[in-house]
Every structure is written in C-alpha cells, then in structure tokens.
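Data block below; observations after.
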Amino acid sequence: MIANHPVAGSDAVVVYSGPRMQCRDFSLVLEAQAIEHEVVASSSEWRILVAPADLARAYEEISRFAAEPAMRRPPSRYLQPFAGALYGSVGYGAVLLLVAYAAGAGLFHLDWLLRGALDSSPDAHLQWWRAITALTLHVDREHLLSNLLFGILAGVAASRLVGPGVAWGGATVAAGAANLLEMLISPATHRAIGASTAVFAMLGLVSGLASIESASPRERLWRRWAPVIIGACLLTLFGGGGQDPNQPLPPATHVDVLGHLLGFVSGTAAGWLMAKARVVETRSARRQLAVGAATLFGISAAWLLALLFG
Numbered sequence: 006m007i008a009n010h011p012v013a014g015s016d017a018v019v020v021y022s023g024p025r026m027q028c029r030d031f032s033l034v035l036e037a038q039a040i041e042h043e044v045v046a047s048s049s050e051w052r053i054l055v056a057p058a059d060l061a062r063a064y065e066e067i068s069r070f071a072a073e074p075a076m077r078r079p080p081s082r083y084l085q086p087f088a089g090a091l092y093g094s095v096g097y098g099a100v101l102l103l104v105a106y107a108a109g110a111g112l113f114h115l116d117w118l119l120r121g122a123l124d125s126s127p128d129a130h131l132q133w134w135r136a137i138t139a140l141t142l143h144v145d146r147e148h149l150l151s152n153l154l155f156g157i158l159a160g161v162a163a164s165r166l167v168g169p170g171v172a173w174g175g176a177t178v179a180a181g182a183a184n185l186l187e188m189l190i191s192p193a194t195h196r197a198i199g200a201s202t203a204v205f206a207m208l209g210l211v212s213g214l215a216s217i218e219s220a221s222p223r224e225r226l227w228r229r230w231a232p233v234i235i236g237a238c239l240l241t242l243f244g245g246g247g248q249d250p251n252q253p254l255p256p257a258t259h260v261d262v263l264g265h266l267l268g269f270v271s272g273t274a275a276g277w278l279m280a281k282a283r284v285v286e287t288r289s290a291r292r293q294l295a296v297g298a299a300t301l302f303g304i305s306a307a308w309l310l311a312l313l314f315g
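So, in structure tokens, the structure goes:
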C-alpha cells in the first residue's frame, strides 16, 4: 500500500517518476523522514510530488536510499561452518559425567564438592583453580542434565562458527575469568558450583562473534546490537536456573544470577576479541586439536591442584 499525503498548494514539484514499486519504496522513505509528499499514478508511470521547499531534502533522502543496494555488505565469514562441531560437545559431556561420577563416589576418599566449589572466603582467594573446577561440579542429577543439554546446544552453535577446540577453549577461559571475578566480589559466605556459567559464556561467545559480523559503520544501531540483545534476552529467560550454594557446604539450592551474568559478559567479550582477531579465517584442524587438548589439560591440572591443596 502506498501512502498518499496531498501536498498543499498547486506548485508541487516532481521529485521522482518511475515504476510503481520504486515509488512505493521511496514513499516509505519520505514517510519515515516526515516529508509531506503525494504519490500520483498516470497511464505510463507513477510520480512523487513534494513542496518546492522540501525538494532538496526529499531528493537527498531518496538518493541515499537508492545508493544503498550498490553498497553491498561483504559476505559473511561464517558461511562455511567448521566440521566436527559435535566433538567438542562430546568432550564437554564426558568431562561433566566423569567428574560427577568421581564426586559421587568420593574417589580417593576426598570430598570433591568441598575441594572444587567456588569459594569466596578470604582463605580461598588464592585457590584460583576453583574457578575452573567449580564449572564441572553439580548438586544433583537435574542440575547436571540441564547443563549438559543447554551446554551441548550452545557448544554446537559456537563450534560451527569458530571450531570445537577454539569454541570450548574460549568458553572455558571466559567462564573461568567470570568465576574468578565472582570469587573476588561476592560475600565471604558465597559458594557456587555448576557449568551454567560456562553455558552462558558460550552463549555470550556466539553473541560477540555475531555482533562484529554485523557491525559495519553503515549498519543501523538496532542491527549492530541485535545479536547481543538477543543473547541478553536468552540470559533473562534462562539465567534464573542454576545453583548458587550460598551456605556452608553441603550446598543449598539457589540461583547464581551473578555467575550467569558474568559468564555471559565475559563470553561476549571473548567472542568480540575472537572476531576482531579473525580467528575464523584460519581453518586448521591441528589448531583445533591443540586448543582442545590444552583446555582438557587445564581442567585436569585445576583438579589436581584442588585435590592436593583444596
């Protein structure tokens, strides 16, 4: 439907004449800029009329709009997904299940929850490994299964963008940084466990990667920030689930909203840095394996320190 706003006076001038569809588009442009105009149909072509005082402005807006299709956006760097997206998720699931078994069985006659949980007490501030080990611990079966499900979904999405090794390595580092910050700023009684911080870090990673993809100087503000806004909405919808044992261990069930928020923010920053560094442009299977192996080594080293000194 073409808007039709009669222009006052009989001295209206033609700012454009041409096909109906083009007139419709230009009419919408003028409508958005609150420029009074009138669309007139004739036997051979359609015309847009404006007042003489608005002619220069109307022509400028129409010319700018007409030039946009010629200024094509570059092709997306994510058109070709990385292979092996499921491998990283399989590794993620294996780590969580292995730690769940070890903690449930009290392997080595040790309390894994006590030694690996995030702990904000002053005595634990130097035990940095808790920021990593806490990501692999869970309160119960439901907590574990929910993080497995959402972690695999988010992990597959990110792995298709930057590769499984880089995606899970980046999410682990981002979640670990978020947990470290949470340890420092939370009350001394704060305790937390669960992979949900890593899940939201992975979600933030995808948002950060996508935000750079659409952030050209000519993009409208809503389009540039849409990926981050969508990620924040998902954080709001699902960020209320999780465990924040804010009591002396054994933990009670609470919501670790701060951990989820910090994980998402940290993951978004990591995704932004990855996109700026053009990580996706190096499609090396060897690098994916190296980063994935380094991530597993880091988690193993953190648990070794936790069991020895926690």
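So the mapping is simple: our numbering equals the position in the sequence shown, first residue as 1, plus 5. C-beta atoms are modelled at their ideal positions from N, C-alpha and C, and glycine is treated no differently.
Residues sharing a beta bridge with residue i, DSSP
i, result
"Tyr21", "Ile53"
"Arg292", "Beta-bridge pairing links Arg292 to no other residue."
"Arg196", "Asp124"
Contact check, residue i vs residue j, beta carbons under 8 Å
i, j, result
"Gly213", "Trp277", "yes"
"Leu101", "Thr138", "no"
"Ala275", "Ala159", "no"
"Ser22", "Trp51", "yes"
"Gly272", "Phe314", "no"
"Ala183", "Gly268", "yes"
"Val144", "Gly209", "no"
"Tyr97", "Gly181", "no"
"Phe113", "Leu312", "yes"
"Ile40", "Glu66", "yes"
"Ala136", "Thr177", "no"
"Leu189", "Trp133", "no"
"Ala17", "Val44", "no"
"Ser191", "Leu103", "no"
"Leu91", "Val171", "no"
"Ala63", "Val19", "no"
"Ala215", "Pro127", "no"
"Ser32", "His42", "yes"
"Ala105", "Leu149", "yes"
"Val34", "Phe87", "no"
Start-to-end residues for the beta strand (DSSP E) that takes in residue i
i, result
"Glu43", "His42 to Ala46"
Residue i: first and last residue of the uninterrupted alpha helix (DSSP H) it sits in
i, result
"Thr138", "Arg135 to Thr138"
"Ala182", "Pro169 to Ile190"
"His265", "Val262 to Lys281"
"Phe70", "Leu60 to Ala72"
"Leu142", "Element bounds for Leu142: n/a, residue is neither H nor E."
"Gly121", "Trp117 to Gly121"
Beta carbon proximity, residue i to chain C, threshold 8 Å
i, result
"Gly111", "The chain inventory of the structure shown lacks chain C, comprising one protein chain alone."
Cβ contact (3+ pairs, closer than 8 Å) linking the segment 119-126 and the segment 151-170 | Too few Cβ pairs lie closer than 8 Å, so no.
Are the segment 194-212 and the segment 286-296 touching, with three or more C-beta to C-beta distances below 8 Å? Not touching, per the Cβ criterion.
Original post:
Between the segment 103-117 and the segment 292-300, do at least 3 Cβ pairs fall closer than 8 Å?
Top reply: no
| task | Jot down the residue ranges of each uninterrupted alpha helix (DSSP H) in the segment 88-115, minimum 4 residues, whole runs only, in chain order. | result | 90-110
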